DNA sequence: ATAACCATACGGGACGCCTCGTTTGATTAA
DNA sequence: TTAATCAAACGAGGCGTCCCGTATGGTTAT
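Chains as they are written, first to last, in UniProt numbering: chain A, 1 to 195; chain B, 1 to 195.
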């Protein structure tokens with residue numbers, strides 16, 4: 001049943017693969033998303049453009065993988081309180097969005113995703129879905145403890161948290177201050193409290 | 001002191017000006033931000049590109065004015081309760097962001113603004129500042145009534161509301177459901193309640 | 001075990017198409 | 001006379017595709 005699908009011909013070069021991802025992340029961090037062209041990435045990575053197009057369909061997919069793939073999303077926080085869990089979750093979100101390459105890439109990346117229905121559904125699956133799962137777990141624990149109001153839609157909370165962090169990082173342009181995560185988690189945490 | 005700045009030479013054509021703005025809004029709504037080029041706008045408006053570049057410095061400024069200038073932001077709501085005022089404010093925000101041209105333009109526009117420091121500061125002044133003023137008024141009234149916690153930063157609330165609506169409209173891609181405004185206002189309203 | 005073969009990847013370069021923002025030229029309106 | 005208008009063309013640069021000659025690994029035949 002497995003059908004190993006034996007690959008024929010020359011295998012792809014792992015070093016080229018990694019060099020492309022590294023060059024992409026560096027270029028985005030240095031020059032921004034718009035100024036990052038496939039040609040420039042190829043030149044910096046020391047590859048041909050074909051070697052890039054053979055792996056990724058375009059700039060959006062390449063940058064997304066280069067910037068957000070190495071995300072280590074650790075275990076779901078379980079501090080015992082809704083506010084604590086939420087703060088940990090938001091802190092991770094802020095940290096992820098504030099990394100130089102990520103902050104530089106996010107607005108342009110989001111625009112490309114929004115303009116392309118196919119990409120849009122893929123980002124919801126790859127990026128938002130795990131975040132939603134983690135948030136839902138924290139939320140359900142809080143509901144069982146009687147801390148949270150089960151009537152609040154999880155998707156709304158997710159849009160609110162992600163949107164707030166993105167909007168702040170994207171429009172303010174400065175690395176998010178250290179108090180942002182705590183304040184945001186406090187605001188939203190109080191908003192979903194049971195009463 | 002006024003220096004009427006007597007115009008010399010042929011005055012600019014008001015009809016061309018309006019035709020350009022109209023063509024821009026239509027093109028953005030139909031084809032999206034990325035597919036809207038200055039050349040296409042000029043062709044549709046029946047003008048030369050020159051006539052556009054004489055008035056606007058580029059696509060971002062043109063689209064921003066075409067899509068968001070006609071925003072009529074009515075009086076600041078005063079329903080007597082924090083939740084009521086907030087709901088009215090968010091409903092206006094949702095309506096504004098959900099207009100076909102606005103929804104199509106927002107992600108790309110935001111990306112251009114984020115990539116350009118000059119444009120970024122201008123959008124904060126023209127677009128966000130009025131919203132912040134209106135929100136601050138609603139918020140201060142609620143603080144005086146004892147409904148809201150004065151320790152909550154207004155900017156955080158603004159980022160949260162705008163970010164949530166943008167994230168929802170931009171990534172879901174569907175017109176925001178009718179319940180979104182009420183749910184979001186409820187969530188954030190409870191979050192800033194005095195306790 | 002060795003060698004021939006084959007499918008695919010590689011770096012490099014050129015291509016046609018598109019958009020951008022600028023410039024030029026002839027015309028038109030105040 | 002002055003400046004705005006439309007039209008056309010420009011150079012620069014990105015995109016995505018294609019082709020080249022070469023490199024590389026697995027498969028097959030000896």
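For glycine and all other residues, C-beta sits at the position ideal for the given N, C-alpha and C.
Predicted, not measured: the structure shown is a model, and the values here were computed from it.
First through last residue of the alpha helix (DSSP H) which encompasses residue i
i	result
residue 47/A	Here residue 47/A belongs to no alpha helix (DSSP H), and DSSP marks it neither H nor E.
residue 14/A	14 to 31
residue 162/B	154 to 172
residue 118/A	117 to 123
residue 186/A	180 to 191
residue 135/A	129 to 144
Exposure of residue i, with buried meaning 16 or more beta-carbon neighbours within 10 Å
i	result
residue 18/B	exposed
residue 50/A	exposed
residue 85/B	buried
residue 35/B	exposed
residue 53/B	exposed
residue 150/B	exposed
residue 74/A	exposed
residue 163/A	buried
residue 31/A	exposed
residue 140/A	exposed
residue 193/A	buried
Cα-Cα separation between residue i and residue j, rounded to whole angstroms
i	j	result
residue 104/B	residue 176/B	13 Å
residue 28/A	residue 45/A	13 Å
residue 20/A	residue 169/A	26 Å
residue 198/B	residue 157/A	An answer regarding residue 198/B cannot be provided, because it is not within the stretch 1 to 195 covered by chain B.
residue 38/B	residue 126/A	35 Å
residue 128/A	residue 159/B	20 Å
residue 122/B	residue 82/B	30 Å
residue 95/A	residue 131/A	14 Å
residue 43/A	residue 24/A	11 Å
residue 190/A	residue 191/B	5 Å
residue 97/B	residue 64/A	26 Å
residue 47/A	residue 40/A	10 Å
residue 78/B	residue 138/B	7 Å
residue 167/B	residue 12/A	37 Å
residue 172/B	residue 135/B	26 Å
residue 153/A	residue 183/B	9 Å
residue 108/B	residue 145/A	42 Å
residue 67/A	residue 181/A	21 Å
residue 9/A	residue 56/A	20 Å
residue 179/A	residue 16/B	49 Å
residue 186/B	residue 87/B	8 Å
Below-9 Å beta-carbon distance, residue i vs any chain B residue
i	result
residue 192/A	yes
residue 195/A	yes
residue 21/A	no
residue 113/A	yes
residue 154/A	no
residue 160/A	yes
residue 93/A	no
residue 163/A	yes
residue 32/A	yes
residue 189/A	yes
residue 124/A	yes
residue 8/A	no
residue 120/A	yes
CB contact below 9 Å: residue i versus chain A
i	result
residue 168/B	yes
residue 171/B	yes
residue 108/B	yes
residue 197/B	Any question about residue 197/B goes unanswered here, given that chain B covers just 1 to 195.
residue 186/B	yes
residue 157/B	yes
residue 128/B	yes
residue 180/B	yes
Heavy atom of the ligand SAH within 8 Å of residue i beta-carbon
i	result
residue 101/A	No copy of the ligand SAH appears in this structure; indeed no ligand is present at all.
Worksheet item: What runs of the beta strand (DSSP E), each 3 residues or longer, lie entirely inside the region 60 to 90 of chain A?
Response: Qualifying beta strand (DSSP E) stretches: none in this window.
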